[in-house]
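Residues in the sequence shown are numbered consecutively from 112, following the numbering used here. Where is the CB? At the ideal position from N, CA and C, for every residue including glycine.
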Amino acid sequence: MASAPVVPVDSLAALDELLGPRPSLVVDPIVPVIAAQAAEADRTRSVSPEVIAALKASDVVRLSASANIGGLEASMLQIGRELEAISAACTSTAWVMWNHLCVFHLVVGCLGPDQADRLAGMVAAGETVCFPGGAGTGVTGVIEGDRVRLNGRGSFGSGGRYADWTGVAFVVVDGEGNRVQPLDLRMSVARLDDPTIKIDPTWDGSAVRASATDDMFYTGTELEVGRCVAWYGANRAEALREVPVVAPRYREDWVGLSDLWLAWMGVGLVRAALTEAVDQILGRKAILGRTMTTLPPVQLNLGQAAALVASAAATAETGCRQVDDRIAAGLVPTEADYLRQMALSTSALDQLDEAMRLIQRSAGGNGLREGGTLERRFRDFQAMPVHINAHRDRVHLRVGRFALGEPQDPF
112 MASAPVVPVD SLAALDELLG PRPSLVVDPI VPVIAAQAAE ADRTRSVSPE VIAALKASDV
172 VRLSASANIG GLEASMLQIG RELEAISAAC TSTAWVMWNH LCVFHLVVGC LGPDQADRLA
232 GMVAAGETVC FPGGAGTGVT GVIEGDRVRL NGRGSFGSGG RYADWTGVAF VVVDGEGNRV
292 QPLDLRMSVA RLDDPTIKID PTWDGSAVRA SATDDMFYTG TELEVGRCVA WYGANRAEAL
352 REVPVVAPRY REDWVGLSDL WLAWMGVGLV RAALTEAVDQ ILGRKAILGR TMTTLPPVQL
412 NLGQAAALVA SAAATAETGC RQVDDRIAAG LVPTEADYLR QMALSTSALD QLDEAMRLIQ
472 RSAGGNGLRE GGTLERRFRD FQAMPVHINA HRDRVHLRVG RFALGEPQDP F
């Protein structure tokens, strides 16, 4: 019996089918522009002004805003997929938009219905926000009549150089700099065109180089006391389950959402790295001229990497769908819901971390010598699993303490 003819396989199309379909997205028209400047953004450590302007002119910046303040009110899953697409094109750009979408969700949840007018104005103008509140942050505020005067530093202000507003949390002190008792923590937003706010371009890390994760300094910055709200800090997720909110989606804490969306960014980055690695390997020869596609270790490693990417995407999708279903049903999230969001995200990032190492192993020395985007993508990924929101040590400790009935460490 004659053997059946061998039908050529489009390897990249097959890989794309294996990893799952890509939905139509709001950001699709801008993706080619984002991708075209990715290498330059990495080299100069600055996202193209044209890309920032295009994003602000689009509905991308309105994705996480609810409809009643002029937003697109996109599902958590859609937002994740939008960030996945941006990350595949330029992870630094994705990091900036991720921060804006997360922080705007936080700002709306904190400022609440009383400041819906301000929030709607920000949405209508296509303005973006940042929130420098990482390790080393220390901002104080002295109340003088109906104004509060801020001084101090905020750190890790991702996207600050491209943003229009900054979120700022501060501790109220007296004229001598002593903390008011009982402790009074407040939060508000300030315009970044205020001359009393300076951004120090301190971010010089190896990953997401153009994310502008810089320090921000406040020197006598004045805000309206009436526009400041109580800052719940580590108890924020619990407080949001009870305080008045602009829309039901804002009962979901931004940290859990940021983790899910970070996982989607990782999926986009690693999927793109895998696709490029396969494309390069298709035409590459190994030692003694054997084609690399026939080497069992290459087949095994890339197969495992593909399985890990598909699994990470399924994990992130499950997490987002659970949140979307909860919002649609009008259910208030529990502490277990919040921890599960973070746990799913951490698991997805663990899978992606392993996939990136398998891709690097398969590409080998030639993969590094021949250029491409693998080195940049590998560096960019390193910022994801060590972000404090999704850091596996912090998340797994919290999940373990919850499972054992132990009180949580607020930090």
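Residue from the options whose Cα sits closest to the Cα of residue i
i    : options                   : result
I310 : G271, A164, T445 and G249 : G271
V259 : A280, S266, F242 and T248 : A280
L212 : A501, G244 and S177       : S177
G191 : A246, S159, V434 and I470 : V434
I308 : I254, N210, A205 and W276 : W276
R468 : L455, E486, A454 and G482 : E486
V144 : L130, P160, A466 and R133 : P160
D285 : V253, G278 and N262       : V253
S422 : I438, L455 and Y449       : L455
E255 : A439, G331 and A466       : G331
I499 : G237, S369, G441 and A440 : S369
E349 : P132, L450 and L515       : L450
T484 : G511, I398, V389 and K396 : V389
P224 : V291, L129, L351 and V142 : L351
R488 : N477, D504 and A466       : A466
L479 : V443, N346 and R395       : R395
A246 : R490, M327, V234 and V283 : M327
N179 : N477, G400, Q226 and R401 : Q226
G475 : Q391, P293 and R338       : Q391
D464 : D520, R472 and P496       : P496
T155 : V510, A323 and A168       : A323
R490 : V291, G377 and G344       : G377
R344 : E335, D504 and D520       : Reading off the sequence, residue 344 comes out as Gly, not Arg. The residue with the shortest Cα to Cα distance from G344 is D520.
G337 : P518, D257 and Q292       : D257
S473 : E128, E387 and V218       : E387
Cβ distance (whole Å) where residue i is taken to contact residue j below 8 Å
i    : j    : result
E193 : V171 : 7 Å
V506 : T457 : 5 Å
V340 : L174 : Actually they do not touch by this definition, with Cβ atoms about 24 Å apart.
A146 : A200 : 4 Å
V240 : G278 : 6 Å
Q493 : A318 : 5 Å
G131 : A427 : Contact flag wrong, Cβ pair sits at about 12 Å.
I141 : A165 : 5 Å
L515 : S122 : L515 to S122, Cβ: 48 Å. No contact.
Beta-carbon proximity check, residue i vs residue j, cutoff 7 Å
i    : j    : result
I268 : D228 : The sequence given here has Gly at residue 268, not Ile. It is not a contact, given that the beta carbons lie outside the stated cut-off.
G430 : S198 : no
L303 : A274 : yes
Q462 : G367 : no
A374 : L460 : yes
W365 : H502 : no
R382 : V409 : no
A231 : L136 : no
V158 : T202 : no
L411 : Y329 : no
V250 : G263 : yes
G265 : T248 : yes
I438 : R360 : yes
V138 : Q148 : no
V443 : R362 : yes
W372 : W209 : yes
F242 : V283 : no
Say whether the region 396-416 touches the region 314-332, bearing in mind that this needs 3 or more beta-carbon pairs closer than 8 Å, one atom from each stretch.
-> no
Which runs of the alpha helix (DSSP H) fall wholly inside the region 312-380 and span at least 4 residues, in chain order?
-> 347-350
Could you tell me whether the region 295-304 touches the region 176-195, where touching means 3 or more Cβ pairs closer than 8 Å?
-> no
Would you check if there are 3 or more beta carbon pairs closer than 8 Å linking the region 399-412 to the region 346-365?
-> no
Which runs of the alpha helix (DSSP H), 4 residues or longer, sit entirely within the region 395-459?
-> 407-439
Beta strand (DSSP E) runs wholly inside the region 178-206, at least 3 long, in chain order = none
Ordered list of beta strand (DSSP E) runs contained in the region 236-279, each at least 3 residues = 249-255 and 258-268
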